[in-house]
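Protein chains in written order, with numbering that gives the first Met the number 0: chain A, 0 to 252; chain B, 0 to 305.
The next block holds one structure in the form of structure tokens; read it before the comments.
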Amino acid sequence: MKTLKMEFYKIKRRKIGLTMCALMAVQFLWLIWAFRNPSESERLQGWLGTLYSMPLINSIMMPTIMAVLASRLADVEHKGNTYKQLETLRTASSLFHAKVFCGLIFIVLMFVAQFTFLILFGHYLRYEGQPDIGYYLRYLLLSLICTFALYLLQLALSMLFFNQMVPLVVGLCGSMLGLILMYLYNWNFRFLFPWGGYISTMFVGADWDQNTRIMTYYYMETTENGFLGHGFIVLWMILFYVVGRILFTRREV
Amino acid sequence: MPTQNLIETTDLTKQYGKVICVNQLNMQVPQGAIYGFLGPNGAGKSTTLKMILGLAKPTNGSITLFDSPVNEKNRIKLLADTGSLIESPSYYGHLTGEENLRIIQTLKGCPEQDIAKVLKIVRLEDARKKQVNHYSLGMKQRLGLAAALLGFPKLLILDEPTNGLDPAGIQEMRELIRTLPSSYGITVVVSSHLLSEIDQMADHVGIIRKGELVYQNTLESLHSHAKQQIAIRVNHLPIAIDILHQRGIEPTQENDYLLLPMVDDAYVANLCQQLVSQNLSLYRVEKREKSLEDIFLSLTGKESSL
Numbered sequence: 000m001k002t003l004k005m006e007f008y009k010i011k012r013r014k015i016g017l018t019m020c021a022l023m024a025v026q027f028l029w030l031i032w033a034f035r036n037p038s039e040s041e042r043l044q045g046w047l048g049t050l051y052s053m054p055l056i057n058s059i060m061m062p063t064i065m066a067v068l069a070s071r072l073a074d075v076e077h078k079g080n081t082y083k084q085l086e087t088l089r090t091a092s093s094l095f096h097a098k099v100f101c102g103l104i105f106i107v108l109m110f111v112a113q114f115t116f117l118i119l120f121g122h123y124l125r126y127e128g129q130p131d132i133g134y135y136l137r138y139l140l141l142s143l144i145c146t147f148a149l150y151l152l153q154l155a156l157s158m159l160f161f162n163q164m165v166p167l168v169v170g171l172c173g174s175m176l177g178l179i180l181m182y183l184y185n186w187n188f189r190f191l192f193p194w195g196g197y198i199s200t201m202f203v204g205a206d207w208d209q210n211t212r213i214m215t216y217y218y219m220e221t222t223e224n225g226f227l228g229h230g231f232i233v234l235w236m237i238l239f240y241v242v243g244r245i246l247f248t249r250r251e252v
Numbered sequence: 000m001p002t003q004n005l006i007e008t009t010d011l012t013k014q015y016g017k018v019i020c021v022n023q024l025n026m027q028v029p030q031g032a033i034y035g036f037l038g039p040n041g042a043g044k045s046t047t048l049k050m051i052l053g054l055a056k057p058t059n060g061s062i063t064l065f066d067s068p069v070n071e072k073n074r075i076k077l078l079a080d081t082g083s084l085i086e087s088p089s090y091y092g093h094l095t096g097e098e099n100l101r102i103i104q105t106l107k108g109c110p111e112q113d114i115a116k117v118l119k120i121v122r123l124e125d126a127r128k129k130q131v132n133h134y135s136l137g138m139k140q141r142l143g144l145a146a147a148l149l150g151f152p153k154l155l156i157l158d159e160p161t162n163g164l165d166p167a168g169i170q171e172m173r174e175l176i177r178t179l180p181s182s183y184g185i186t187v188v189v190s191s192h193l194l195s196e197i198d199q200m201a202d203h204v205g206i207i208r209k210g211e212l213v214y215q216n217t218l219e220s221l222h223s224h225a226k227q228q229i230a231i232r233v234n235h236l237p238i239a240i241d242i243l244h245q246r247g248i249e250p251t252q253e254n255d256y257l258l259l260p261m262v263d264d265a266y267v268a269n270l271c272q273q274l275v276s277q278n279l280s281l282y283r284v285e286k287r288e289k290s291l292e293d294i295f296l297s298l299t300g301k302e303s304s305l
């Protein structure tokens, strides 16, 4: 607990919270811009449409946001050469866990903010009916797992590499890959990439009618492939945690 | 009663690939000592100290701290009574000096009042509210020492603590280190590649060369190795050698000088008279002392820096 408490003390004046708020604000502005004037059909399916759009937006933005978060948390140690002192006071494993939990707290707060924004924004746009809280919570849980997996990957890279350009480039490439995977509708193995988790676990589909220019959203049944996608995001999370922890604790300062 | 050793290493070895950085090192640091760990750059000093602190894993051998063999399970517990400053100081530049110390104090679990005490010891009280990024190198080094002193540990391990300091800073750091055993009962291990520095601070010395501990004893004992000789220079060495042989002295020749064992002043005066009476021109009579530098160089090799 003390180690975690100190993790937050260390990032005083680093404005990490502010950076995360700014990045989330970009996401919210994107949503505001995209859904600013909903048509009647969009209003009717608004709550469902949000569950369709959010994984796509997350898949583009979250890899970069996680790269920034992990890098900001880890580079305070690199800049001041602090590991050689910290590891005489705490085990490397406990230092690793402190960073993991510190990041997890940020992620949870970000998704709580996103969740709250989506609900408020939906009501502001007068979406028809009420959001299906069960599905919204499912979206929240899946997004949290995908994002946490990406954070663990980025954290491992940020803690191992002194030069933070390496993890940041990985994060940006992840965002680009997320964008590319969005267009690979028919490819069923998007879950093979950790950045494809948001899309491979989507449970809302859409049909685009070219004539009426109306998008119809619908809940998809989880197929065998969908189950694989769900399993893989958990697998990525466990894998990045285990590998990151092993690499961090075995290295010499 | 034999003095207790706070650190004991047995056959401590560290190998990176095919390179052996530390080779079967048996270090013994007595309680209350200022142990100067001396050796040229790259001799294995930092690696040894890192192994003692658990920052590097030994390839072979064992370490005993405070009479307990160190292992992965008890390492942090044993190090609770240890402070360290390895190579360069560790700090968070965006935090103030005081905030930096608060992190260490919280993690060490020592009293909050220690922060003010150590800041006073290293004379950083006035800069405690300043961000460390704005500190000079000397101030950062002092902050590193303050962090190491938090909790007033039984053992302090300082790796090249005067690196990067100006002459006044070096002197200040030395004086501070010298007072630690008597003022706070702290045993200090201080590494350096500078013999003069260790000579001025330490009372025990370990000399490491290419990963091997080539000398370990009190500094006093190292000083006793210093050998005094008389060097004379004349215009015709063979005649002088004959005269010395007649006197039962076996001189050694070094360049244009003859070196004889230390003799008293009257003997030197008498010898000089005899040399002059044999029509030799006596150019020089000097007292030579094998300095600590010579001893250090003979132990560590001529290529080593001082």
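By construction, the Cβ of each residue, glycine as well, lies at the ideal position given by its N, Cα and C atoms.
Classify B/Asp202 as helix, strand or coil using the three-state DSSP reduction.
Assigned with DSSP and collapsed to three states, B/Asp202 falls in coil, not helix or strand.
Pair every Cβ in the region 89–106 of chain B with every Cβ in the region 33–46 of chain B, then say whether three or more of these pairs are closer than 8 angstroms.
The region 89–106 of chain B, when compared against the region 33–46 of chain B, does not touch it at the 8 angstroms Cβ threshold.
Would you identify the three-state DSSP class for A/Ile10, choosing helix, strand or coil?
Here A/Ile10 sits in coil by DSSP.
Can you give me the C-alpha to C-alpha distance between A/Ala205 and A/Thr49, rounded to a whole angstrom?
Each residue's alpha carbon lies about 11 angstroms from the other.
Does the region 63–72 of chain A come close enough to the region 80–90 of chain B to have 3 or more Cβ pairs within less than 8 angstroms?
Taking one beta carbon from each stretch, the region 63–72 of chain A and the region 80–90 of chain B have fewer than 3 pairs nearer than 8 angstroms; the two do not touch.
Is the Cβ of B/Ala145 closer than 7 angstroms to any Cβ of chain A?
So, not an interface residue.
Are there 16 or more other CB atoms within 10 angstroms of the CB of B/Glu111, so buried, or fewer, so exposed?
Classification for B/Glu111: exposed.
Using a beta-carbon distance below 7 angstroms, is A/Leu108 in contact with chain B?
A/Leu108 does not count as touching chain B.
Does A/Asn162 have its Cβ less than 7 angstroms from a Cβ in chain B?
No, A/Asn162 does not count as interfacial toward chain B.
CB contact below 7 angstroms: A/Val67 versus chain B:
When Cβ-Cβ separations below 7 angstroms define contact, A/Val67 makes no contact with chain B.
7 angstroms Cβ cutoff, A/Lys1 in contact with chain B
Yes, because at least one Cβ of chain B sits closer than 7 angstroms to the Cβ of A/Lys1.
Is A/Leu159 near A/Leu246, with beta carbons less than 7 angstroms apart?
Between A/Leu159 and A/Leu246, the C-beta gap is smaller than 7 angstroms, which places the two residues in contact.
Report the CB separation of B/Leu157 from B/Val189 in whole angstroms; it is logged as a contact under 8 angstroms.
Their Cβ separation, rounded to whole angstroms, is 5 angstroms, which keeps B/Leu157 and B/Val189 in contact under 8 angstroms.
Quick one: Cα of B/Gly184 to Cα of B/Phe151, how far?
Spanning the two alpha carbons is a distance of roughly 9 angstroms.
Using CA atoms only, rank isn't needed, just tell me which of B/Glu285, B/Arg122 and B/His244 is closest to B/Asp264.
Nearest C-alpha to B/Asp264: B/Glu285.
Outcome for A/Gln163 when other beta-carbon atoms lying within 10 angstroms are tallied against a minimum of 16
Burial call: buried.
For B/Thr105, would you say it is in contact with chain A, using Cβ-to-Cβ distances shorter than 7 angstroms as the test?
True, the Cβ-Cβ gap to chain A drops below 7 angstroms.
Can you tell me whether A/Ser52 is helix, strand or coil according to DSSP?
DSSP places A/Ser52 in helix when its eight states are reduced to three.
Could I get the ranges of all uninterrupted alpha helix (DSSP H) runs contained in the region 114–160 of chain A, with 4 residues as the minimum, in chain order?
The qualifying runs are 132–159.
In chain B, which residues lie with their C-beta within 8 angstroms of the C-beta of A/Thr81?
Chain B residues near A/Thr81: Ser89, Tyr90 and Tyr91.
Determine the direct distance from the alpha carbon of B/Asn162 to that of B/Glu292, and round the result to whole angstroms.
CA-CA distance, B/Glu292 to B/Asn162, rounds to 20 angstroms.
With 16 as the cutoff for other CB atoms within 10 Å, does B/Asn40 come out buried or exposed?
That one is exposed.
In three-state DSSP terms, what is B/Tyr282?
B/Tyr282: strand per DSSP, three-state reduction.
Rounded to whole angstroms, what is the Cα-Cα separation between B/Ser290 and B/Ala230?
Straight across, the Cα-Cα distance linking B/Ser290 with B/Ala230 is about 15 angstroms.
Let me confirm a value: B/Lys17 is counted as buried when at least 16 other C-beta atoms fall within 10 Å, else exposed. Which label applies?
It counts as exposed.
Which value, in whole angstroms, describes the spacing of the CA atoms of B/Leu144 and A/Phe105?
In this model, B/Leu144 and A/Phe105 are separated by some 34 angstroms (Cα to Cα).
What do you reckon, is the C-beta of B/Val21 under 6 angstroms from a heavy atom of the ligand NAP?
By its list of ligands, the structure shown contains no ligand whatsoever, and the ligand NAP lies outside what it can speak to.
Going by DSSP, what residue range makes up the beta strand (DSSP E) through A/Asp208?
A/Asp208 -> beta strand (DSSP E) spans Val203 to Asp208.
Short-range partners of chain A found in the region 44–66 of chain B, where Cβ spacing is below 9 angstroms
If the cut-off is 9 angstroms between Cβ atoms, the region 44–66 of chain B has Lys49, Leu52, Gly53, Leu54, Ala55 and Lys56 near chain A.
Which residue spans inside the region 95–172 of chain B form an unbroken beta strand (DSSP E) run of at least 3?
Runs of beta strand (DSSP E) with 3 or more residues, each lying fully within the region 95–172 of chain B, are found at 154–158, listed in chain order.
Near B/Ala201, what residues of its chain come up, given a Cβ to Cβ distance below 6 angstroms and the 5 sequence neighbours on each side ignored?
The answer, listed in chain order, is Ile33, Gly35 and Leu218.
Using a Cβ cut-off of 9 angstroms, which residues of the region 10–30 of chain A contact any Cβ in chain B, in chain order?
Against chain B - using a Cβ distance shorter than 9 angstroms - the residues of the region 10–30 of chain A are Ile10, Lys11, Arg12 and Arg13.
Identify each residue in the region 85–113 of chain A for which the Cβ-Cβ distance to at least one residue of chain B is less than 7 angstroms, and report them in chain order.
Answer in chain order: Glu86, Thr87, Leu88, Arg89 and Thr90.
Anything in the region 2–17 of chain B with a Cβ closer than 9 angstroms to a Cβ of chain A? List those residues in chain order, please.
Answer set for the region 2–17 of chain B: empty.
If you draw a straight line from the C-alpha of B/Thr186 to the C-alpha of A/Trp194, how long is it?
Looking at the backbone, the Cα of B/Thr186 and that of A/Trp194 are separated by about 53 angstroms.
Taking DSSP as the reference, what is the three-state secondary structure of A/Gly170?
In the three-state reduction of the DSSP assignment, A/Gly170 falls in the helix class.
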